[in-house]
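Numbering (this note's numbering), first residue to last: 28 to 360.
Here is the structure we will look at, set down as structure tokens.
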Ligand SMILES: Nc1nc2c(c(=O)[nH]1)N[C@H]1C(S)=C(S)[C@@H](COP(=O)(O)O)O[C@H]1N2
Ligand SMILES: [Mo]
């Protein structure tokens with residue numbers, strides 16, 4: 028079986044070059060040796076993302092491990108019925124076993140195994156910069172203070188795979204209200220955890236760790252922008268960015284930074300992880316736009332990760348009624 032992990036975002040199979048193959052194979056060999064040593068390999072790679080019976084058992088154990096002790100706390104929360112899907116929900120086992128989380132692995136099927144090392148409790152997030160009341164919040168306190176709800180959103184990765192999942196969380200705007208943004212704040216910057224001892228990905232110095240992303244204030248305070256704490260009625264699995272990640276459903280997945288420790292309001296447009304690694308690719312303000320191809324592939328269609336079905340991509344991932352007003356089409360790169 029071919030496991031190919033290129034330097035940046037994944038290339039569609041047909042466009043892979045021998046160089047990408049070489050690069051990824053080298054990486055994969057290292058990873059597989061480590062896995063065999065810890066006898067975790069199991070059925071993780073079998074069928075390219077389809078879980079074997081024992082994997083499914085493991086995933087149930089994982090779900091229990093990440094659950095809040097006691098009565099399960101606020102999970103499962105009430106669904107906000109306002110946000111409706113045009114397609115079936117992706118079964119949970121796919122959303123939690125096909126992940127991008129480069130701190131742990133460049134291989135989507137291995138992320139889940141490496142991410143076991145992530146320690147999510149206690150976890151606090153610092154919210155500061157151009158705000159009147161900079162504060163550090165414990166994630167568990169934020170959930171109690173702001174409440175959480177379930178929302179069904181489409182999710183689209185820049186690599187042209189897609190899913191439809193029930194996220195759980197609170198609007199980012201509610202969190203920003205707590206710190207009282209100053210009038211001079213124009214952007215919001217998000218920073219993921221920086222613990223090289225937790226993830227082998229940090230050792231790759233070609234990347235400017237920790238992972239960081241950004242939004243404009245208008246994007247950050249849009250009603251769709253969700254600080255996410257859960258998935259499928261339970262706390263977020265580690266591989267999906269526990270205990271706190273961003274979800275911006277009209278933008279490519281790279282915007283939704285995982286396992287966030289810092290949120291900073293700025294006047295100047297912040298740099299982002301991917302703009303530093305691949306400056307010739309999508310810019311800060313990139314949205315899902317089917318007619319704006321990636322330099323290496325088309326974005327006209329997307330592949331559902333569970334069925335493999337191809338669907339036509341939608342402008343702003345189908346969320347134009349909420350966000351088209353934020354953009355002048357043609358202005359984004
Ligand atoms: N910290 C961090 N956040 C990240 C990434 C990452 O590598 N590190 N990958 C991004 C990309 S490219 C995608 S598509 C989504 C994947 O989220 P999922 O694994 O929950 O589907 O996470 C985003 N957030
Ligand atoms: Mo992505």
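Ideal Cβ positions, reconstructed from N, Cα and C, are used throughout, including at glycine.
Given a cut-off of 8 Å, decide if residue j and residue i are closer than it, judged by their beta-carbon atoms.
i, j, result
"residue 255", "residue 192", "no"
"residue 245", "residue 342", "no"
"residue 242", "residue 275", "yes"
"residue 135", "residue 126", "yes"
"residue 179", "residue 258", "no"
"residue 185", "residue 335", "no"
"residue 271", "residue 152", "yes"
"residue 225", "residue 144", "yes"
"residue 177", "residue 260", "yes"
"residue 247", "residue 209", "no"
"residue 227", "residue 141", "yes"
"residue 123", "residue 106", "no"
"residue 329", "residue 321", "no"
"residue 265", "residue 273", "no"
"residue 161", "residue 333", "no"
Tell me the DSSP bridge mates of residue i?
i, result
"residue 243", "214"
"residue 155", "291"
"residue 362", "An answer regarding residue 362 cannot be provided, because it is not within the stretch 28 to 360 covered by the chain."
"residue 274", "253"
"residue 197", "254"
"residue 311", "According to DSSP, which records beta bridges pairwise, residue 311 is partnered with nothing at all."
"residue 165", "151"
"residue 338", "329"
"residue 208", "158"
"residue 122", "None; residue 122 has no bridge partner."
"residue 191", "181"
"residue 261", "258"
"residue 128", "132"
"residue 236", "In DSSP, residue 236 forms no bridge with anything."
"residue 324", "321"
"residue 106", "177"
"residue 363", "Nothing can be reported for residue 363: it is not among the residues displayed for the chain, which extend from 28 to 360."
In whole angstroms, what is the alpha-carbon distance linking residue i and residue j?
i, j, result
"residue 59", "residue 240", "Low local confidence applies: a pLDDT of 42 at residue 59 is under 50, so the model's placement there is unreliable, with the coordinate-based value given in what follows. Their Cα atoms are separated by approximately 30 Å."
"residue 251", "residue 182", "12 Å"
"residue 128", "residue 267", "8 Å"
"residue 219", "residue 155", "15 Å"
"residue 364", "residue 200", "The requested residue 364 is not part of the displayed model; the chain covers only 28 to 360."
"residue 290", "residue 157", "11 Å"
"residue 337", "residue 331", "6 Å"
"residue 130", "residue 302", "17 Å"
"residue 347", "residue 356", "11 Å"
"residue 324", "residue 167", "41 Å"
"residue 237", "residue 150", "16 Å"
"residue 304", "residue 175", "34 Å"
"residue 339", "residue 278", "16 Å"
"residue 350", "residue 137", "34 Å"
"residue 101", "residue 327", "39 Å"
"residue 287", "residue 146", "13 Å"
"residue 203", "residue 269", "20 Å"
"residue 294", "residue 221", "24 Å"
"residue 148", "residue 163", "15 Å"
"residue 103", "residue 197", "14 Å"
"residue 300", "residue 306", "10 Å"
"residue 132", "residue 345", "30 Å"
"residue 296", "residue 263", "29 Å"
"residue 49", "residue 108", "Confidence at residue 49 is low in this model, with a pLDDT of 34, below 50, so the placement of that residue should be treated as unreliable; the coordinate-derived value is given next. Roughly 47 Å separates the two Cα atoms."
"residue 165", "residue 253", "17 Å"
Comparing the C-beta of residue i with each C-beta of chain D, is any distance below 8 Å?
i, result
"residue 302", "Included in the structure is just one protein chain, with no chain D present."
- Query: Are three or more beta carbon pairs between the stretch 310-319 and the stretch 231-238 nearer than 8 Å?
  - Reply: no
- For the stretch 183-190 against the stretch 152-171, are there 3 or more C-beta pairs whose distance is under 8 Å? no
- Query: If you pair each beta-carbon of the stretch 209-222 with each one of the stretch 107-123, do three or more pairs fall below 8 Å?
  - Reply: no
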